[in-house]
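In the working numbering, the protein residues as written are 1223 to 1480.
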């Protein structure tokens, strides 16, 4: 696998994804093309190119992106250097969608389901005919090299209980294929229940280390130094990812205890 390569989604006709090289990292960011009668691009990456945008409760951010831009900078920290500042999308190019909205693509359709545990405006898309789910960040990060899922818990919206509820809700729809924003497709198998375990253990680990060290910057530093994901993504991306995820858990713990 390499940046710019295009792959077919296994077991799903006319569906492809490209490795976007997000954060200058291979096997991290994927954008999907569902080549239906009315083609759809799912998962938009971090640039500004667009022709038509479908958005849920975050629709207003597209026509006035300042708030989401500032929130993204706060969430990703130094990784913001990889992003392109978003430009406003014309209001008449935005079609808001909500939980249960079905998007007609002519030869097929996808249904949106609200999954706010990762971010309040997140939705996933279910292609019932293909038994596939485009799951955004609702079920973690899939690392093909390791054939494993990893946690994603960025600030400011990470909510463990809701993340668990989202994963279980997706599992009840019994998709056969999961299409991850990060990264690529994988058979569903037991990955959703695996992610519930992964993210729960992750939050517990951060909480224990905070209790031990009583210093949040030291907690972040501990997990950055302990990660092994740099072997896959490189140290720069791994360090930024882990630091962001720790900050998200720390904020979640603060809000839970408030």
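All residues carry an ideal CB built from backbone N, CA and C; glycine is no exception.
What do you get for residue i, buried or exposed, if any count of 16 or more other CB atoms within 10 angstroms of its CB means buried?
i, result
"residue 1371", "buried"
"residue 1274", "Model confidence at residue 1274 stands at a pLDDT of 38, short of 50, so the residue's coordinates are unreliable; what they give is reported in the following sentence. The residue in question, residue 1274, is exposed, as its Cβ has fewer than 16 Cβ neighbours within 10 Å."
"residue 1390", "exposed"
"residue 1469", "buried"
"residue 1247", "buried"
"residue 1262", "buried"
"residue 1300", "exposed"
"residue 1367", "exposed"
"residue 1314", "exposed"
"residue 1415", "exposed"
"residue 1377", "buried"
"residue 1477", "exposed"
"residue 1479", "exposed"
"residue 1463", "buried"
"residue 1457", "exposed"
"residue 1461", "buried"
"residue 1276", "Its pLDDT being 42, under 50, residue 1276 is placed unreliably by the model, and the measurement read from it follows with that caveat. Classification for residue 1276: buried."
When the distance is taken between beta carbons, is residue j closer than 7 Å to residue i?
i, j, result
"residue 1397", "residue 1353", "yes"
"residue 1241", "residue 1225", "yes"
"residue 1335", "residue 1346", "yes"
"residue 1435", "residue 1441", "yes"
"residue 1239", "residue 1252", "yes"
For the candidate residues the options, whose alpha-carbon lies nearest to that of residue i?
i, options, result
"residue 1358", "1470, 1351, 1404", "1404"
"residue 1330", "1256, 1244, 1400", "1256"
"residue 1412", "1425, 1394, 1428", "1394"
"residue 1228", "1464, 1254, 1234", "1254"
"residue 1249", "1291, 1452, 1447, 1365", "1365"
"residue 1307", "1434, 1345, 1293", "1293"
"residue 1384", "1401, 1402, 1361, 1347", "1361"
"residue 1369", "1351, 1402, 1386", "1402"
"residue 1427", "1467, 1245, 1295", "1467"
"residue 1399", "1425, 1450, 1351", "1351"
"residue 1310", "1295, 1298, 1288, 1323", "1288"
Just confirm the distance between the C-beta atoms of residue i and residue j, as a whole number of angstroms; I'd bet it's less than 8 Å.
i, j, result
"residue 1418", "residue 1373", "That pair is no contact at about 11 Å."
"residue 1349", "residue 1232", "Actually they are not in contact, since the Cβ atoms of residue 1349 and residue 1232 sit about 14 Å apart, beyond 8 Å."
"residue 1444", "residue 1459", "Wrong, their Cβ atoms sit about 19 Å apart, outside the cutoff."
"residue 1472", "residue 1438", "6 Å"
"residue 1380", "residue 1474", "5 Å"
"residue 1265", "residue 1339", "That belief does not hold up - the Cβ atoms of residue 1265 and residue 1339 are roughly 17 Å apart, past 8 Å."
"residue 1355", "residue 1302", "About 29 Å; that fails the 8 Å criterion."
"residue 1337", "residue 1344", "5 Å"
"residue 1258", "residue 1328", "6 Å"
"residue 1433", "residue 1446", "Not confirmed; about 19 Å, so no contact."
Q. Counting Cβ pairs, one atom from each stretch, are 3 or more of them under 8 Å apart for the stretch 1317-1324 and the stretch 1373-1387?
A. no
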